[in-house]
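Residue numbers for the sequence shown follow my numbering, so the first one is 185 and each next one is one higher.
All C-beta atoms in this analysis are idealised placements derived from N, C-alpha and C, irrespective of residue type, glycine included.
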Amino acid sequence: MFLIDQLKYDIAINRSEKAFRTLFMKFHGSLLRFCSIYINDKSLSEEIISDVMLNLWLKNEQLMEVIDLKVYLFKSVKNRALNYLTKVRKYTHWDIDNIPISHNVDNYSPEFISIEKEFHKKIISHIESLPPQCQLVFKLIREYGLPYKQVADILGLSEKTVDRHLQIAMQKLSEVLKNKIQK
């Protein structure tokens, strides 16, 4: 039996707080990053995740009816975030300056660092210029490493549509890379 299925069983049937804490810790980071795609407020994202997890705990034996717990959690967070946005009529804003560059900058010249930062901003800009659904698919697959099937389940799309969205995103990003290589 898989760990997640065992945790689900222990939470639903045995009402194990230890299993609940383990499940919470296992998914907290990825759910928080996922929620931040929709909500640009860490404390609000934390609150949404806590609400989803509380509802999970309150499901009791009904939790056993959930087929894929991971998909259930991501869908629940997505729905809560969208409900919040509908109420407040806010839209997501990503702060490019706070996205870390993933290499050790001590070994590079200031000119190289400046060029890399500009290139990084250009990539982020191209990702942000993608249609919203395309952005989500790209982030869920490339940043969170979710398989196509789970992304399709979370977003309510077919796997072919998920594949097409990823193709569009990769095509746009490959254009940016081609331009960088040609320079």
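Expressed to the nearest angstrom, what Euclidean distance is found between the alpha-carbon atoms of residue i and residue j?
| i | j | result |
| --- | --- | --- |
| Gln351 | Leu242 | 40 Å |
| Ala203 | Glu312 | 38 Å |
| Asp337 | Val255 | 7 Å |
| Lys192 | Leu269 | 30 Å |
| Asn224 | Lys271 | 15 Å |
| Leu330 | Gln317 | 15 Å |
| Glu300 | Ser220 | 25 Å |
| Ser358 | Gln190 | 42 Å |
| Leu341 | Glu295 | 44 Å |
| Thr345 | Ser293 | 43 Å |
| Asn267 | Lys356 | 30 Å |
| Val236 | Ala265 | 11 Å |
| Asp252 | Phe186 | 11 Å |
| Glu343 | His349 | 10 Å |
Residue range of the alpha helix (DSSP H) that residue i falls in?
| i | result |
| --- | --- |
| Asp337 | Tyr332 to Leu339 |
| Val237 | The question names Val, but residue 237 in the sequence shown is Met. Counting along the chain, the alpha helix (DSSP H) containing Met237 begins and ends at Lys226 to Leu242. |
| Ser298 | Pro294 to Glu312 |
| Leu266 | Leu253 to Val272 |
| Gln319 | Pro316 to Phe322 |
| Ser220 | Glu201 to Tyr222 |
| Leu187 | Leu187 to Ala196 |
Pull up the CB-CB distance for residue i and residue j, whole angstroms please, since I reckon it's below 8 Å.
| i | j | result |
| --- | --- | --- |
| Leu247 | Leu238 | 13 Å between Cβ atoms; not a contact. |
| Phe211 | Tyr328 | Contact flag wrong, Cβ pair sits at about 11 Å. |
| Leu339 | Leu320 | 6 Å |
Measuring alpha carbon to alpha carbon, tell me which residue in the options is nearest residue i.
| i | options | result |
| --- | --- | --- |
| Ile195 | Ala265, Glu245 and Ile308 | Glu245 |
| His304 | Arg264, Leu216, Leu361 and Gln317 | Leu361 |
| Asp347 | Ser358, Ile325, Leu357 and Asn363 | Ile325 |
| Ile307 | Asp235, Lys226 and Asn363 | Asn363 |
| Phe258 | Gln334, Ser298 and His349 | Gln334 |
| Asn263 | Ala353, Leu215 and Lys226 | Leu215 |
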